[in-house]
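Asks:
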Amino acid sequence: MSWVLDTRVAPHVTQKWAASYLRSIKGLLLHLSERVEKEGELLFNDNQVVRELLKRQLERIADFDDEVWMDLSSEIEEALQKQWRKPEVYLTVGSLEEENLCYRRIVDSLVKAVHENGSLLSDEVTNQMHEETIAYLKEKIEKEKDLYDSAFSGRPY
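Counted from 1, the sequence shown has number 101 at position 101 by UniProt numbering; the numbering is strictly sequential.
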């Protein structure tokens, strides 16, 4: 498709806005081709990593009887115990994404809880939770940047 756009369409585009639209379309096609190649493996691997993070965070907060930590503990336990798909079923990107979105919502709740209610925990636990979660998020960004860098770096118009 990119070749057709470059060789058959682009030479006939004379307006600047049309050329800008064409470059945007090419960038999105490049992004989609990267996603098709890499997204399934990224999601599969991230689900494993974030599950381990959530298990460690659960161990830290499970014994606290404050409502925010009890609710978060229940949410983590439920997500970790859920059977996201039958073992014999093909792992679709959609099913991996559904699982990953659940974990990401919990990580968001975890970040918010640490910032708003971290004082209910010991400083050591709060710092460990914060540092591990931030390290996970930085690693996730680094792993996913290939999905976006090639597609969205270059001339914007």
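Using N, Cα and C, we set each Cβ at its ideal position, and we do this for glycine too.
1. Determine, using beta carbons only, whether Ala-135 and Leu-72 come nearer to each other than 8 Å.
2. Cutting at 8 Å between CB atoms, please list the residues of its own chain near Phe-44, excluding the five before and the five after it.
3. Just to check my reading of the structure: Lys-38 and Asp-146 have Cβ atoms closer than 8 Å, yes? What is that Cβ distance to the nearest angstrom?
4. Tell me which residue opens and which closes the alpha helix (DSSP H) that Asp-63 is part of.
5. So, for Val-13: in the same chain, excluding its five sequence neighbours on each side, which residues have a beta-carbon less than 8 Å away from its beta-carbon?
6. In whole angstroms, what is the alpha-carbon distance linking Ser-24 and Trp-69?
7. So, helix, strand or coil for Glu-116, using DSSP?
8. Figure out for me which residue from Leu-54, Met-1 and Pro-11 has the closest Cα to the Cα of residue 195.
9. Quick one: what's got a C-beta closer than 8 Å to Glu-75's C-beta in the same chain, skipping five residues either side?
10. Report buried or exposed for Thr-7, applying the criterion of at least 16 other Cβ atoms within 10 angstroms of its Cβ.
11. Using CA coordinates, which residue listed in Met-129, Ser-150, Lys-138 and Lys-143 is at the minimum distance from Glu-59?
12. Return the residue from the list Leu-28, Val-49 and Gly-94 that minimises the CA-CA distance to Glu-132.
13. Give me the Cβ distance between Asp-66 and Lys-140, rounded to the nearest whole Å; I'm assuming they're in contact under 8 Å.
14. Should Leu-42 and Lys-143 be called a contact, given that it needs their Cβ atoms to be closer than 8 Å?
15. Which residue wins for smallest C-alpha separation from Val-111, given the options Pro-11, Gln-15 and Leu-53?
Replies: Inspection of the coordinates gives the following:
1. In the sequence shown, residue 135 corresponds to position 135, counting from 1. In the sequence shown, residue 72 corresponds to position 72, counting from 1. Contact check for Ala-135 against Leu-72 fails: the beta carbons are separated by 8 Å or more.
2. Here residue 44 refers to the residue found at position 44 of the sequence shown. Listed in chain order, the non-local C-beta contacts of Phe-44 below 8 Å within the same chain comprise Leu-91 and Leu-96, local neighbours out to five positions each way being set aside.
3. As a first step, residue 38 is located in the sequence shown; it is residue number 38 there, counting from the start. As a first step, residue 146 is located in the sequence shown; it is residue number 146 there, counting from the start. Their Cβ separation, rounded to whole angstroms, is 7 Å, which keeps Lys-38 and Asp-146 in contact under 8 Å.
4. Position 63 of the sequence shown, counted from the start, is the residue given in the question as residue 63. Per DSSP, Asp-63 belongs to no alpha helix (DSSP H) and is neither H nor E.
5. In the sequence shown, residue 13 corresponds to position 13, counting from 1. Cβ within range, chain order: Ala-19 and Leu-22.
6. Along the sequence shown, one-based indexing puts residue 24 at 24. Along the sequence shown, one-based indexing puts residue 69 at 69. Straight-line spacing of the CA atoms in Ser-24 and Trp-69 works out to 45 Å.
7. Here residue 116 refers to the residue found at position 116 when the sequence shown is read from its first residue. The answer is helix: DSSP assigns Glu-116 an H, G or I state.
8. Since the first and last residues shown for the chain are 1 and 157, residue 195 lies out of range.
9. Looking up residue 75 in the sequence shown gives position 75. Sequence-distant Cβ neighbours of Glu-75 in its own chain, meaning closer than 8 Å and more than five residues away, are Ile-106 and Ser-109.
10. Position 7 of the sequence shown, counted from the start, is the residue given in the question as residue 7. Counting Cβ neighbours within 10 Å, Thr-7 comes out exposed, since fewer than 16 surround it.
11. On the sequence shown, position 59 is the one that residue 59 refers to. Closest option to Glu-59, Cα to Cα, is Met-129.
12. For the purposes of this step, residue 132 is identified with residue 132 of the sequence shown, where counting begins at 1. Residue Val-49 is the option with its Cα nearest to Glu-132.
13. Mapped onto the sequence shown, residue 66 falls at position 66. Mapped onto the sequence shown, residue 140 falls at position 140. The Cβ separation is near 28 Å, so there is no contact.
14. Numbered from its first residue, the sequence shown carries residue 42 at position 42. Numbered from its first residue, the sequence shown carries residue 143 at position 143. It is a contact, given that the beta carbons lie within the stated cut-off.
15. Residue mapping note: residue 111 aligns to position 111 of the sequence shown, counting from 1. Ranking the options by Cα distance to Val-111, first place goes to Leu-53.
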